[in-house]
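Asks:
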Amino acid sequence: MNDSGLGAGYFWCLRDHRVESGDDVCPAQYRLGPYTTADDATRALETVEKRNAEWDAEDARWTGEAS
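Quick note on our numbering: the sequence shown kicks off at 6 and runs consecutively.
Below, the structure is given as structure tokens:
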């Protein structure tokens, strides 16, 4: 689980369902982030869900669909 060249930050690993940082991170296709805190990384899936809902509502507004 080593991806060289990563800076500071925390990631949520979709494969291992845990917060990762430093040299101990999953490959890019399995992680969300970076986040500034481990707590933010823990809430990564909630953040994704919230943003997706906001974007879906904006898409509906843009196309004139009822939401």
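Yeah, the Cβ is synthetic: ideal placement off N, Cα and C, and Gly gets one too.
1) List the DSSP bridge partners of C18.
2) Report yes or no: do three or more beta-carbon pairs, one from the segment 21-34 and one from the segment 51-62, lie closer than 8 Å?
3) Would you mind working out which of E70, G69 and W17 sits nearest Y40, comparing C-alpha positions?
4) When DSSP builds the beta bridges, which residues end up paired with D29?
5) May I have the straight-line CA-CA distance separating R23 from A13, to the nearest angstrom?
6) How long is the line joining the alpha carbons of E25 and R36, rounded to whole angstroms?
Replies: So, from the data block:
1) For the purposes of this step, residue 18 is identified with residue 13 of the sequence shown, where counting begins at 1. For C18, which the question treats as bridged, DSSP gives the partners R23 and R36.
2) no
3) In the sequence shown, counting from the first residue as 1, residue 40 sits at position 35. Of the candidates E70, G69 and W17, the one whose C-alpha sits nearest the C-alpha of Y40 is W17.
4) The residue labelled residue 29 in the question sits at position 24 within the sequence shown. DSSP, once it has assigned bridges, lists S26 as partnering D29.
5) By 1-based counting over the sequence shown, the position of residue 23 is 18. By 1-based counting over the sequence shown, the position of residue 13 is 8. Taking the straight line from one Cα to the other gives about 17 Å.
6) For the purposes of this step, residue 25 is identified with residue 20 of the sequence shown, where counting begins at 1. For the purposes of this step, residue 36 is identified with residue 31 of the sequence shown, where counting begins at 1. If you take the alpha carbons of E25 and R36, they lie about 9 Å apart.
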